[in-house]
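Enquirer: I'd like to ask you about the structure that follows.
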Amino acid sequence: MATPDAEQPAPTEPARWRDLDMLLSRPGNLVAASFDPSPTLRDQLGSIVEVLVVGAGGLGCELLKDLALSGFKKLHVIDMDTIDVSNLNRQFLFRIEDKEIEFYSQFHIIVLGLDSIEARSYINSVACGFLEYDSNDNPLEETVKPMVDGGTEGFKGHARVIIPGTTPCFECNIWLFPPQVKFPLCTLAETPRTAAHCIEYAHLIKWDEIHPGKPFDADDAEHMQWIYSEALKRAELFGISGVTYSLTQGVVKNIIPAIASTNAIISAACALEAFKLFSGCSKNVSNYLTYNGLEGTHIKVTEFVRDKDCLVCGPGTLIELDTSSTLAEFIKMLEEHPKLRISKASVTHEGNNLYMQSPEVLEQMTRPNLSVPMFELLKEAPYTTVHATGMAENNGKKVSSLRKLRVAFKGTEASKMDISESS
-16 MATPDAEQPA PTEPARWRDL DMLLSRPGNL VAASFDPSPT LRDQLGSIVE
34 VLVVGAGGLG CELLKDLALS GFKKLHVIDM DTIDVSNLNR QFLFRIEDKE
84 IEFYSQFHII VLGLDSIEAR SYINSVACGF LEYDSNDNPL EETVKPMVDG
134 GTEGFKGHAR VIIPGTTPCF ECNIWLFPPQ VKFPLCTLAE TPRTAAHCIE
184 YAHLIKWDEI HPGKPFDADD AEHMQWIYSE ALKRAELFGI SGVTYSLTQG
234 VVKNIIPAIA STNAIISAAC ALEAFKLFSG CSKNVSNYLT YNGLEGTHIK
284 VTEFVRDKDC LVCGPGTLIE LDTSSTLAEF IKMLEEHPKL RISKASVTHE
334 GNNLYMQSPE VLEQMTRPNL SVPMFELLKE APYTTVHATG MAENNGKKVS
384 SLRKLRVAFK GTEASKMDIS ESS
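Heads up: the sequence shown begins at -16 in our numbering, then just goes up one per residue.
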């Protein structure tokens, strides 16, 4: 008789996938219109669908595990962060890479496990950059690159499906992310009431008093220890408890501790949505799921509306040019455009580099194009789409952005027709 602690035999291959095969082989009322029940659908899912997971942190690692256990075999992962000892309790996979935009074109779906608004915004703009529209501004299905975005913050989390051109993209709902909490300096200096007030006093006021001209480095252990010591003194002076080194790190770096159970729940929701997207075995969530495990368990689904004039997922901002306007003049227009404000722009058209700000070798190769009329560079097309990558303002910060632009040349018959249809 086997003991409870005895190692159980690994399940056989058919038994391992029993539940997935059941989902993929039965019809139903909630399946997608294109769903074709088949016992071989799982094998097709694993051999065809290329999945990119962006972010290999606590949530990203859970995502990789869940996606693999959901039948996806062609998994790729990139991460834009560095490894820290404090991460090792919840992160067990790491891969740090930096990829060109064309790298993303090979994937059928992008799954996000990021902890940064700026990183989400960038990947969102990349995925939406592949989207093309027909003459009636309807998205072309073959150019749609869906995303599943997950995020966690303590005991709270979200999972959402982004189908560019159909559902809201990240930029459409940027207002869902509240601004970072900031404390009035008068409160920090005169009437601190919490441990966070004492820490921010040491960070924002005391550091500059004692170290004038010396920048504070949040990744320097000695700097962080100094802030912690000063915060303790401040807290003792005002009779405030709760200042710890980990809290000091959290307040200074705006870090909220990751909860493994929250990561597991949100990861499961994201993996399920990715599975439904490509199998069609059930309809996807519409289109934003939130989870709150702070007091019990609360899950809610909200359907947000897409912004048809979105600068990122829309058909593109219309730019009218004279046939004599050069590429250099076009780049200057992007910097001065009231909606775009793109500085240091690199410009591409149908996969060809018209001008690249970096690396230096590409800048030198494409520099002669700056004096060439855009009409000539765009093969005398009266109306076409180009992509510009540069620095743009997002929530008060300068971040790397990719924008789709519809270029029309004045005086051409085709452009007159297209401009009148788009207005």
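From the three backbone atoms N, C-alpha and C, an ideal C-beta is built for every residue, glycine too.
Rounded to whole angstroms, how far is the Cβ of D132 from the Cβ of F153, which I believe are closer than 8 Å?
Expert: Rounded, the Cβ-Cβ distance is 7 Å, consistent with contact.
Enquirer: Using the DSSP secondary-structure output, state which residues sit across from N270 in a beta bridge.
Expert: Answer is none; N270 lacks a bridge partner.
Enquirer: Using the rule of at least 16 other Cβ atoms within 10 Å of the residue's Cβ for burial, across every protein chain shown, is W0 buried or exposed?
Expert: Answer is buried; the Cβ neighbour count reaches 16.
Enquirer: Take T306 and list the residues in its own chain whose beta-carbon comes closer than 7 Å to its own, dropping the five residues that flank it on each side.
Expert: Cβ neighbours of T306 beyond the five flanking positions: P356, F358, F392, G394.
Enquirer: Is the separation between the beta-carbon of S326 and that of Y338 shorter than 9 Å?
Expert: For S326 and Y338, no; Cβs fall outside 9 Å.
Enquirer: So what's V60 in DSSP terms, helix, strand or just coil?
Expert: If DSSP states are grouped into helix, strand and coil, V60 belongs with the strands.
Enquirer: Keeping to the same chain, check which residues put their C-beta closer than 6 Å to that of E278; ignore five residues upstream and five downstream.
Expert: So no residue of the chain qualifies.
Enquirer: Taking 7 Å as the limit between beta carbons, can you name the residues of its chain near L345, skipping five residues before and five after?
Expert: Answer for L345: N336, M339, listed in chain order.
Enquirer: Taking only heavy atoms of the ligand FAD into account, decide whether any of them is closer than 8 Å to the Cβ of L361.
Expert: The ligand FAD is not among the ligands present in this structure, which contains no ligands whatsoever.
Enquirer: Quick check on DSSP: helix, strand or coil for A214?
Expert: Here A214 sits in helix by DSSP.
Enquirer: Provide the residue span of the beta strand (DSSP E) that contains T285, from first to last.
Expert: Start and end: 281 to 285.
Enquirer: Any contact of the segment 260 to 278 with the segment 131 to 150, i.e. 3+ C-beta pairs under 8 Å?
Expert: Yes, since at least three Cβ pairs between the segment 260 to 278 and the segment 131 to 150 fall closer than 8 Å, the two stretches touch.
Enquirer: By how many angstroms is the C-alpha of P(-3) removed from the C-alpha of M5?
Expert: If you take the alpha carbons of M5 and P(-3), they lie about 11 Å apart.
Enquirer: Just tell me which of V234, S118, Y211, V390 has its CA closest to the CA of E303.
Expert: Ranking the options by Cα distance to E303, first place goes to V390.
Enquirer: Secondary structure at L385, three-state DSSP: helix, strand or coil?
Expert: In the structure shown, L385 sits in a strand (DSSP, three-state: E or B).
Enquirer: If contact is defined by three or more beta carbon pairs under 8 Å, each pair taking one atom from either stretch, is the segment 219 to 236 in contact with the segment 16 to 35?
Expert: Result no; under three Cβ-Cβ pairs closer than 8 Å.
Enquirer: Considering only residues of the same chain and omitting the five flanking positions on each side of T300, which have a CB-CB separation below 8 Å?
Expert: Within the same chain, T300 has close Cβ partners L294, H320, K322, L323, R386, K387, L388, R389.
Enquirer: Please report the distance separating the alpha-carbon of K291 from that of W158.
Expert: Rounded to whole angstroms, K291 to W158 spans 16 Å at the Cα level.
Enquirer: Would you mind sorting G11 into buried or exposed? The rule is 16 or more other CB atoms within 10 Å of its CB.
Expert: It is exposed - the Cβ of G11 has fewer than 16 other Cβ atoms within 10 Å.
Enquirer: Straight-line CA distance for E256 to S265?
Expert: Those two C-alpha atoms are separated by around 9 Å.
Enquirer: Return the Cβ separation of V34 and F86 in integer angstroms, given the expectation that the two are a contact with Cβ distance under 8 Å.
Expert: That belief does not hold up - the Cβ atoms of V34 and F86 are roughly 14 Å apart, past 8 Å.
Enquirer: Which value, in whole angstroms, describes the spacing of the CA atoms of R176 and T150?
Expert: Taking the straight line from one Cα to the other gives about 44 Å.
Enquirer: Terminal residues of the continuous beta strand (DSSP E) containing S329?
Expert: Looking at the DSSP string, the run of the beta strand (DSSP E) that includes S329 is 326 to 332.
Enquirer: CA-CA distance, N156 and I223?
Expert: Taking the straight line from one Cα to the other gives about 39 Å.
Enquirer: Taking only the alpha-carbon atoms, compute the straight-line gap between L123 and Y116 and give it to the nearest angstrom.
Expert: Taking the straight line joining both Cα atoms gives about 5 Å.
Enquirer: Which of the three DSSP states, helix, strand or coil, is assigned to R(-1)?
Expert: It is helical.
Enquirer: Do the CB positions of H332 and T309 come within less than 9 Å of each other?
Expert: Not a contact, by the Cβ cut-off of 9 Å.
Enquirer: Please state whether DSSP places K315 in a helix, a strand or coil.
Expert: Three-state result, K315: helix.
Enquirer: DSSP has Y116 in a bridge; who is on the other side?
Expert: Its beta-bridge partners are P122.
Enquirer: So for M130, helix, strand or coil by DSSP?
Expert: M130 falls in the strand class under three-state DSSP.
Enquirer: Can you tell me where the beta strand (DSSP E) with A142 in it begins and where it stops?
Expert: 139 to 145 is the extent of the beta strand (DSSP E) around A142.
Enquirer: Taking N335 as part of the alpha helix (DSSP H), name the residues at either end of that continuous run.
Expert: No alpha helix (DSSP H) contains N335, which is instead part of the beta strand (DSSP E) from 335 to 338.
Enquirer: Can the beta-carbon of V94 be found closer than 9 Å to that of V32?
Expert: The answer is no: Cβ separation not under 9 Å.
Enquirer: T245 by DSSP, collapsed to three states: which one?
Expert: Three-state result, T245: helix.
Enquirer: Can you check the segment 176 to 220 for any alpha helix (DSSP H) of at least 4 residues that lies completely inside it and give the ranges in chain order?
Expert: Whole alpha helix (DSSP H) segments, 4+ residues: 178 to 184, 190 to 193, 204 to 220.
Enquirer: Is I282 buried or exposed, if buried means 16 or more other CB atoms sit within 10 Å of its CB?
Expert: Its Cβ having fewer than 16 others within 10 Å, I282 is exposed.
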